[in-house]
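With the UniProt record's numbering, letter number 111 in the sequence shown gets 111, and the count goes up by one each step, no holes.
Ideal Cβ positions, reconstructed from N, Cα and C, are used throughout, including at glycine.
Just so you know, these numbers come straight off a predicted model, no measurement behind them.
Heads up: the structure comes next, in structure tokens.
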Amino acid sequence: MLARRSDRRSEDLEAVLRSQRAELRRAGLKPRAAVAVEPDPFTGTAHGAEVPARIDGLLSVELSASRTRAELAAVFRKSAEQLAQVADLDRSGLIYGVQRVIFGGDGPLQVSFALRRRATMDHGQFSDYWLNVHGRMAREAPRRKAGGYRQLHADLIGSRDIAAAAGFGVADYDGIVSSDHSGVERMKKAFGHPAVSEIALADERRFIDHARSAIGLLRKLL
């Protein structure tokens, strides 16, 4: 989860992400990359008002069970050397964990929402509520507002160890959720619908510390 340097443009970040994605593919991995849509589509939305931080870019890797944390740390340490040209690594985060697909789907855009839990919960309580209560709400919604919905539940110790080895400054997110969308206006309409801006947001307040989380609409790099 990348925070772009103030002296770099979005185009600079995209170019480095494309280069690193190609490098990771040559290493036999399954990387994905995305950059933030500009201008910020969350301006004027309920979620945009509650979540102050934005995500400028993403670089993710799907791992096989045979890959170790040490191998992953080595991979991201090498990528970090290049990403540091365009991203502020002290403000950028690394989340290592297990993905849960609540319902499938795809689209050219994705909302990514990096979550920190409320202080009244521990990580296990947060993950249980997120998956089994909030996740069920999303799955059973009568009119789904997204093309796909996935939760990545963080392994906090693994995230911390890999981030420290690779040079990323942030490793305490409890997870990240991603939902797919076909276009900016459809995403804004979805997040403006009462099912999201009122009902879902009210439930999020039960387990998410919005003021310490980060959100963004990102364009997937093909």
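- In this structure, the alpha-carbon of R54 lies about 5 Å from that of G216.
- A distance below 8 Å between beta-carbons, with the five flanking residues on each side excluded, links S159 to the following residues of its chain, in chain order: L94, I95, Y96, G97, A171, D172, Y173.
- S213 sits in coil when the DSSP states are folded into three classes, being neither helix nor strand.
- In the DSSP assignment, F207 falls outside any alpha helix (DSSP H), carrying neither H nor E.
- Residue environment: A214 is assigned as buried (16 or more neighbouring CB atoms within 10 Å of its CB, all protein chains considered).
- Counting along the chain, the unbroken alpha helix (DSSP H) around G48 starts and ends at 46 to 50.
- Membership of E71 in the alpha helix (DSSP H) is indicated by the continuous run 69 to 83.
- Looking at the DSSP output, L152 bridges to Q99, I176.
- Assigned with DSSP and collapsed to three states, A22 falls in helix.
- Distance from the CA of G148 to the CA of H181, rounded to the nearest whole angstrom, comes to 8 Å.
- Here the alpha carbon of T45 sits roughly 42 Å from the alpha carbon of S66.
- In the DSSP annotation of this structure, the continuous segment of the beta strand (DSSP E) that includes V35 starts and ends at 30 to 36.
- S112 sits in a strand when the DSSP states are folded into three classes.
- With a beta-carbon spacing of about 13 Å, V111 and M1 fall beyond the 8 Å limit used to define contacts.
- For S60, there is no enclosing alpha helix (DSSP H); the residue is found in the beta strand (DSSP E) stretching over 57 to 62.
- In terms of Cβ geometry, P31 and R21 form a close pair [threshold 7 Å].
- Collapsing the DSSP output to three states places H123 in a helix.
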